[in-house]
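Chains as they are written, first to last, in our numbering: chain A, 682 to 1069; chain B, 1405 to 1440.
Even glycine gets a Cβ: it sits at the ideal position worked out from N, Cα and C.
All values reported here derive from a predicted model rather than from experimental measurement.
Single-structure report; data block below.
Shown next as structure tokens:
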């Protein structure tokens, strides 16, 4: 037990040092394996969602086999399935094996003429306008039992959020692996993309009414800030923020519609002591100039398609870089090719710290990587990536 | 009962919210959880 605690503390220090853009003892290795943990062991996600024992066993086996210093665990579970069943609708569609996908046509439920209402009170706009369009229950006239059903749906969702705690406790107490995520959040304008207008709608709005998109982002930001700060900042964890829209925006549009609330949100959260982990999905090379203005050494970024040497050059002085191992290489290339690739990343990007090795995106399916390659890469990095 | 009143009722019951500020805060939280 004492040795696990010591191991945990070593890893925690390693991760915290890198996240603060410093040079730890070794390059830390971070797991972004989501449903991959189940798929690679031929377990259907639904089996894990329905049995904590299955989940726990799957995670114990996987994390005993592949080396990691830290992880974040997905919180999708039976709770969300039940909630969407009771409410009747939602943007996610669950397949019989438990995997889920965005339901086609379910996102764009707002009209561009409704921005003023959204700006006036984002949460009330969601309750009064969006919920009835999204959930059958909320579209029904009030009748006996409607409120009870809604409360049942909410309770189911809340119960599901805490269900993975025994698994995270096991990873910490048995295997000494550090949980890094304090929770998930969105950047304000991505709420419009992900839940209100979809890509086609927001692309049109960015051209036709950019001020409205910008102002809605700023208004939504106040709501999100209140939500993100419900729990006090944990110095050993970060808030994960996936980034969706900017990769598609030209710099001048990004500056006009997305950047004002993004920058303000990042500054407000870090001023309050929160650490932020952005998932820069897609390519952000055209926006590095803006990202340089994010709070120095208080944010980390996972880069999916950017050239990491360029990221190091442009952003290495102000943020911890996460990534370096493309999932398509883990699947299609040989073990030797994967190791050569990651050695080059360590020699050029990780060279003076401020770097955490991870897959370049969250891993979901078997085709996100061969297990033997994954094991070999992480073992190599743990042994080769020693500073001093 | 309107949808807003239903969400406020859930905030009161689940989080024992009593003051108008608490009710609004947890109403916002439930809405955040149910965006999609």
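Measure the alpha-carbon distance for residue i versus residue j and round it to whole angstroms.
i              : j              : result
residue 861/A  : residue 955/A  : 12 Å
residue 903/A  : residue 947/A  : 12 Å
residue 907/A  : residue 1430/B : 10 Å
residue 1059/A : residue 858/A  : 14 Å
residue 1417/B : residue 717/A  : 37 Å
residue 990/A  : residue 722/A  : 34 Å
residue 1066/A : residue 1053/A : 19 Å
residue 920/A  : residue 803/A  : 22 Å
residue 933/A  : residue 687/A  : 49 Å
residue 697/A  : residue 917/A  : 7 Å
residue 1013/A : residue 1050/A : 8 Å
residue 840/A  : residue 912/A  : 18 Å
residue 1419/B : residue 1412/B : 10 Å
residue 992/A  : residue 958/A  : 15 Å
residue 712/A  : residue 877/A  : 31 Å
residue 667/A  : residue 872/A  : Because chain A is modelled from 682 through 1069, residue 667/A falls outside the range shown and cannot be assessed.
residue 700/A  : residue 1069/A : 18 Å
residue 767/A  : residue 833/A  : 8 Å
residue 982/A  : residue 1000/A : 7 Å
residue 797/A  : residue 892/A  : 11 Å
residue 773/A  : residue 784/A  : 5 Å
residue 743/A  : residue 845/A  : 16 Å
residue 1440/B : residue 928/A  : 22 Å
residue 760/A  : residue 1032/A : 43 Å
residue 685/A  : residue 707/A  : 18 Å
residue 1424/B : residue 977/A  : 38 Å
residue 1063/A : residue 815/A  : 47 Å
residue 972/A  : residue 997/A  : 11 Å
residue 897/A  : residue 793/A  : 11 Å
residue 970/A  : residue 931/A  : 13 Å
Please list, in chain order, the chain A residues whose beta carbon lies closer than 7 Å to that of residue i.
i              : result
residue 1417/B : 832
residue 1423/B : Within 7 Å Cβ-Cβ: nothing; residue 1423/B doesn't reach chain A, min ~15 Å.
residue 1510/B : Residue 1510/B lies beyond the range of chain B shown here (1405 to 1440); nothing can be said about it.
Along the chain, where does the beta strand (DSSP E) containing residue i start, and where does it finish?
i              : result
residue 956/A  : 956-961
residue 980/A  : 980-984
residue 1037/A : 1036-1040
residue 1002/A : 1001-1006
If the cut is a Cβ gap below 7 Å, which residues of chain B does residue i touch?
i             : result
residue 823/A : 1405
residue 838/A : 1437
residue 805/A : 1408
residue 917/A : Within chain B, no residue comes near residue 917/A; the closest Cβ sits about 24 Å away, beyond 7 Å.
residue 827/A : 1410
residue 819/A : 1407
residue 835/A : 1414, 1418, 1434
Using CA atoms only, rank isn't needed, just tell me which of the options is closest to residue i.
i              : options                       : result
residue 941/A  : 894/A, 916/A, 928/A, 963/A    : 894/A
residue 1017/A : 1055/A, 1031/A, 1032/A, 999/A : 1055/A
residue 705/A  : 810/A, 1005/A, 750/A          : 750/A
residue 639/A  : 863/A, 832/A, 836/A           : There is simply no residue 639/A to check, as chain A begins at 682 and stops at 1069 in what is shown.
residue 886/A  : 928/A, 910/A, 939/A           : 939/A
residue 935/A  : 1069/A, 968/A, 958/A, 875/A   : 968/A
residue 914/A  : 832/A, 892/A, 923/A, 950/A    : 950/A
residue 849/A  : 1001/A, 733/A, 1024/A, 975/A  : 733/A
residue 1092/A : 960/A, 891/A, 856/A           : The structure shown does not extend to residue 1092/A, since chain A is modelled only from 682 through 1069, so no value can be given for it.
residue 779/A  : 727/A, 700/A, 890/A, 808/A    : 727/A
residue 781/A  : 1030/A, 762/A, 834/A          : 762/A
residue 689/A  : 709/A, 997/A, 701/A           : 709/A
residue 867/A  : 996/A, 1042/A, 1021/A, 926/A  : 926/A
residue 817/A  : 1027/A, 787/A, 882/A, 796/A   : 787/A
residue 1027/A : 944/A, 1004/A, 971/A, 982/A   : 1004/A
residue 987/A  : 976/A, 978/A, 973/A, 961/A    : 961/A
What in chain B is Cβ-close to residue i, meaning under 8 Å?
i             : result
residue 809/A : 1406, 1407, 1408
residue 910/A : Ordered by position in chain B, no residue passes the 8 Å Cβ test against residue 910/A, which lies about 11 Å from the chain.
residue 907/A : 1429, 1432
residue 876/A : 1439, 1440
residue 872/A : 1439
Please report the residue range of the alpha helix (DSSP H) in which residue i lies.
i              : result
residue 1426/B : 1424-1437
residue 691/A  : 683-700
residue 1049/A : Careful: residue 1049/A lies outside any alpha helix (DSSP H) and carries neither H nor E.
residue 942/A  : 940-952
residue 841/A  : 827-842
residue 742/A  : 733-746
residue 720/A  : 717-720
residue 995/A  : 989-996
residue 1028/A : 1016-1029
residue 971/A  : 969-972
Cβ closer than 9 Å: which chain B residues qualify as neighbours of residue i?
i             : result
residue 813/A : 1407
residue 904/A : 1432, 1435, 1436
residue 771/A : 1438, 1440
In chain order, which alpha helix (DSSP H) runs of at least 4 residues are fully inside the region 853-922 of chain A? Runs of alpha helix (DSSP H) with 4 or more residues, each lying fully within the region 853-922 of chain A, are found at 869-872, 879-889, 891-909, listed in chain order.
For the region 763-823 of chain A, which segments carrying the beta strand (DSSP E) assignment without a break, of at least 3 residues, lie completely within its bounds, in sequence order? Here the runs fully enclosed are 773-775, 781-783.
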